[in-house]
Amino acid sequence: MNPSQNLSELHKKALRRFSRLRDLAVQASQLPFPESDLLISYVAIEFQTTLANFTRAYYLSCILKPVLKSGVLVRCDPSITTFDGAINAAMKKCKYNVWIKGGWDRRDEPAWHRPESLIKSSQAINCSHYAQIIAAYSLPVNAFDHITKFRNFYAHRNDYTVRFAQQVANHYSISPRQHPTKILVSIAYGRPQPLILDWIDEVTNVIGFLC
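If you count the sequence shown from 1, you need to add 571 to reach the working numbering.
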């Protein structure tokens, strides 16, 4: 996803990607384990990647004086006029120890899938709609933290990452003594759909409030 002067368009692009992941997750929940594991691993990894790409594009859009879905114009620090300048401000605020050394690449940038990265970065460039960003991330959402633990499991698949993924299950009254994929396609207590679908819906709701 690329920065845009129209946050409604950026929102639509993000929704299309998350809708595709949601469709794949629904399909995976109906498949036997070997097949569901392959599909859910793709969904979990792409979930975090899509979230990070959206958040980075959203942040960089802020220096373009974009328009929110409400029609309100976003403004920020007028001295920051380039994407490099915006990333520099984010690095200084979020990763000062790296920033102070001078010179970094995209891998060193803030972890854009984490809410605090956008919160701190948007504050650093004095975004006029900072209160809206805070409000969006104030929604009761667990997905941002929990999807990371599953993404790390699928990326590395070792005893350490499986343990952290399984610990998440307790939060949802789901048995942790299962493979992480089976946890994600399980239905949490009091919920009508698999856990992974709840997370996708939670994140898309937050994105809607941001835009």
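For each residue, glycine too, the CB sits at the ideal point set by N, CA and C.
### Message
The alpha helix (DSSP H) that contains W770, what's its start and end?
### Response
W770 -> alpha helix (DSSP H) spans 766–781.
### Task
Classify T653 as buried or exposed, calling it buried when 16 or more other Cβ atoms lie within 10 Å of its own Cβ.
Label assigned to T653: exposed.
### Task
Consult DSSP for N697 and reduce its assignment to one of helix, strand or coil.
Three-state DSSP puts N697 in coil, outside helix and strand.
### Message
Rounding to the nearest angstrom, what Cα-Cα distance links S575 and I704 in this structure?
### Response
Their Cα atoms are separated by approximately 17 angstroms.
### Query
If you compare alpha carbons, which of Y667, F589, N729, G642 is closest to N776?
Of the candidates Y667, F589, N729, G642, the one whose C-alpha sits nearest the C-alpha of N776 is F589.
### Task
Kindly indicate the opening and closing residues of the alpha helix (DSSP H) around H582.
Where H582 is concerned, the enclosing alpha helix (DSSP H) starts and stops at 578–600.
### Query
Quick one, are the C-beta atoms of A596 and P765 less than 8 angstroms apart?
In contact: A596 and P765 (Cβ atoms closer than 8 angstroms).
### Bounding residues of the alpha helix (DSSP H) (the contiguous stretch that carries P751)
751–755 is the span of the alpha helix (DSSP H), which, as asked, contains P751.
### Task
In the DSSP assignment, find the unbroken alpha helix (DSSP H) run with H727 in it and report its ends.
Bounds of the alpha helix (DSSP H) holding H727 are 714–727.
### Query
Looking at the structure shown, is V638 part of a helix, part of a strand, or coil, going by DSSP?
Correct three-state label for V638: strand.
### Task
Give a yes or no on whether the C-beta atoms belonging to H528 and L639 are separated by under 8 angstroms.
Residue 528 is absent from the model: the chain starts at 572 and stops at 782.
### Query
Does the distance from the C-beta atom of I634 to that of L755 stay below 8 angstroms?
No, Cβ-Cβ distance for I634 and L755 is not below 8 angstroms.
### Task
Could you tell me which of H727, N573, A599 sits nearest to I767, measuring between CA atoms?
When the alpha-carbon of I767 is set against those of H727, N573, A599, the nearest one is in A599.
### Task
Determine, using beta-carbon pairs with one atom in the region 680–687 and one in the region 735–750, whether at least three such pairs fall under 8 angstroms.
Cβ pair count under 8 angstroms is below three, so no.
### Query
How many angstroms separate the CA atom of D655 from the CA atom of V669?
Distance between the alpha carbons of D655 and V669 is about 15 angstroms.
### Query
Where does I745 sit, in a helix, a strand or coil, going by DSSP?
In this structure, I745 counts as coil in the three-state DSSP scheme.
#### Entry: Reference C782; option with closest CA among N577, M572, N573
Nearest C-alpha to C782: N577.
### Query
Exposed or buried, which one is I723 when buried takes at least 16 other CB atoms within 10 Å?
Residue identity differs from the one stated: residue 723 is Asn in this sequence, not Ile. So N723 ends up on the buried side.
### Message
I believe F604 touches I771 by the beta-carbon criterion, under 8 angstroms. Please report the beta-carbon distance rounded to the nearest angstrom.
### Response
Not quite, the Cβ-Cβ distance comes to about 21 angstroms (not below 8 angstroms), so this is no contact.
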